Every structure is written in structure tokens, then in C-alpha cells.
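Letter by letter, the sequence shown follows residues 12 to 262 of my numbering.
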Amino acid sequence: GLAAMVAVLSHEKKGFEDRQQDLDRIATRSQQLKDQLLAAVDADTAAFDRLLDAMRMPKGTPEEQKARDLALADATVGASEVPLGVLEKCPEVIELCREIGRIGLQASLSDAGVGAQVARAAGAGAYQNVCINLAGLSDPRKDELLKRADKAWLRVQRLQRRLHLHLLFISRQLLSIVFSLPAQSGCFFLCFSSDVFRHVSIIVSCICLTGSIVCMGSRSDTFAFPFAASFAVLASAGAPLVTLVAIAATP
């Protein structure tokens with residue numbers, strides 16, 4: 012919903028004429044996802060009702076017990092598939108928030124960030140729901156459902172973390188730190204982005220304004236964060252004027 016709101020707010024603003032097609036796409040898809048997620052509320056209630064109905068089935072004879080067990084297994088899978096569907100939609104919601112945060116109205120950047128945070132919270136709740144529902148299930152479908160849930164939850168966390176770093180960079184205006192550095196300082200930039208031309212302009216600007224040495228780093232989280240941490244330790248230990256600024260300028 013928030014991604015759609017930012018897209019609509021941006022649509023009529025001057026300077027966004029060349030982005031209107033993308034803004035329309037984001038607004039439309041965001042609204043579709045919102046409608047689907049709202050429908051999942053009723054679907055979850057119906058799935059739980061079916062689970063209660065299965066639990067109330069008679070179990071006085073072996074035949075009744077077998078029928079009840081089968082019904083319980085089907086109902087449990089059904090009750091797990093609804094939150095799993097919610098969880099698997101959350102990465103796309105975060106992607107839309109990321110995109111609108113990049114091309115939309117910057118005054119509404121925090122709305123994109125809140126949308127991503129809400130999507131992560133929804134994903135966390137849905138993931139826990141899936142795991143709890145399947146905990147006591149003895150059914151061959153269990154492993155596949157858990158595998159899907161694990162994959163989606165990992166993606167939610169990675170996407171939201173990258174967007175969060177991007178928003179922190181923008182909102183705290185970290186470039187102002189670079190511009191205030193003395194010319195003899197070394198400034199190392201780790202740019203997590205494939206947007207090369209944008210970062211080249213940042214590098215050139217920093218060199219011209221501060222005389223700093225600016226280095227492109229790796230887009231890989233596995234490499235970049237330990238690299239950043241190492242330089243931070245060196246700086247705190249008194250290494251000669253080495254300043255590290257880690258940027259997620261375009262997630």
C-alpha cells in the first residue's frame with residue numbers, strides 16, 4: 012500500500028514525466044498485492060475453521076481414526092499454505108518499495124522504508140506461523156513446504172537489509188561526512204550496486220571536493236561487510252587518518 016501511495020504521489024510531480032510508466036506499474040502491482048494479502052486474512056480464517064472441523068471428527072473406530080488423521084493432515088497443510096503464500100509475496104513487496112524509493116519522490120522515502128519494514132514483519136509472522144503449523148505434521152508434503160518457507164524468509168531478510176542500508180545512507184546524508192574530510196585523509200567507499208555510472212560520478216565528486224582516495228568495493232555482502240569492519244577496527248586503533256564510509260547507494 013505504501014509503495015503504491017508513493018508512486019501515486021510522485022506521478023504528477025514535475026520532473027517525473029519520464030518515469031510515469033514505471034510509477035504506474037509499481038502502483039498497479041502494489042495494489043494487486045495489497046488486495047491479495049487482504050484476501051489472505053479471510054483465507055486464513057477459513058483454513059483454521061477446516062482444521063477445527065477435522066479435529067472434531069469422530070475417532071471411535073480405526074476407520075474413523077484413519078479418516079480423521081487424513082483430514083487433519085490435509086487441513087494442516089492448507090492452514091500452512093495460506094501464511095506461506097503471504098511469506099512468498101513479501102519479497103516482491105520489498106522490491107517494489109526499493110524501486111519506488113529509488114525513482115519516486117524523495118520526500119516520501121521514509122514511506123517506502125516503512126513499507127519494507129512492514130513487509131519484513133509480515134514475513135516474520137508468516138514464517139513463524141508456517142513453522143508452528145507444520146511442527147507436529149507427519150506428512151511427505153512437510154519438507155517441501157518448510158523448504159519454500161526457509162527460502163522466502165531468507166530472501167525477505169536480505170532484501171530488507173539492503174534497502175535499510177540504502178535508506179540510512181540517504182536519510183543521514185553520509186556524503187556530507189566525506190565532503191568535510193581533510194584532503195590527506197583516505198576515504199574508502201564500498202558501493203553495493205551495479206549502478207556503475209552513478210558511483211563513478213560520486214567518486215569523481217569526492218576526489219575533486221576533498222582530495223580523498225575513493226575505492227570501489229565489492230557488491231557481495233560476504234566480502235564487503237568483513238572488509239568494512241576490518242578498516243573500522245584499524246581506524247579505531249589509531250591507524251593514520253583512514254576513514255571508511257560504507258554505502259548502499261542503490262540496493
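Yeah, the Cβ is synthetic: ideal placement off N, Cα and C, and Gly gets one too.
Everything numeric in this text was worked out from a predicted model, so none of it was measured.
- Shown here, F180 sits in a helix according to DSSP, grouped into three states.
- Annotated as proximal: W164 and G134, with beta-carbon spacing under 8 Å.
- Take R152, set aside five residues on each side of it, and the residues of its chain with a beta-carbon closer than 6 Å to its own are V88, in chain order.
- For M16, the closest alpha carbon among the candidates E106, Q42, Q31 is that of Q42.
- Of the residues assessed, G112 falls on the buried side of the cut-off, its CB having 16 or more other CB atoms within 10 angstroms.
- Just measuring C-alpha positions, the residue of L83, L107, A58, L63 sitting nearest V93 is A58.
- Counting every other CB atom within 10 Å of its CB across the protein chains shown gives A90 a total of 16 or more, marking it as buried.
- Around the beta carbon of R67, fewer than 16 other beta carbons lie within 10 angstroms, which makes this residue exposed.
- Contact fails between the segment 16 to 32 and the segment 71 to 80, because fewer than three Cβ pairs, one in each stretch, are under 8 Å apart.
- Assigned with DSSP and collapsed to three states, E23 falls in coil, not helix or strand.
- Taking C-beta separations shorter than 6 Å and ignoring five residues to either side along the sequence, the partners of L178 in its chain run G124, following chain order.
- Taking C-beta separations shorter than 7 Å and ignoring five residues to either side along the sequence, the partners of L148 in its chain run A84, T87, following chain order.
- Comparing alpha carbon positions, the residue from V167, I114, A160 closest to R131 is V167.
- In chain order, A84 place their CB closer than 6 Å to the CB of D150, counting only its own chain and leaving out the 5 sequence neighbours on each side.
- A160 places its beta carbon 8 Å or farther from that of V97.
- With respect to the C-alpha of H175, the residue from L95, R61, P69, L120 having the closest C-alpha is L120.
- Closest in C-alpha terms to R36, from the list C108, D122, L49, comes C108.
- Taking all protein chains shown into account, Q171 has 16 or more neighbouring C-beta atoms within 10 Å of its C-beta and is therefore buried.
- A residue is called buried once 16 or more other Cβ atoms fall within 10 Å of its Cβ, and I181 is buried on that count.
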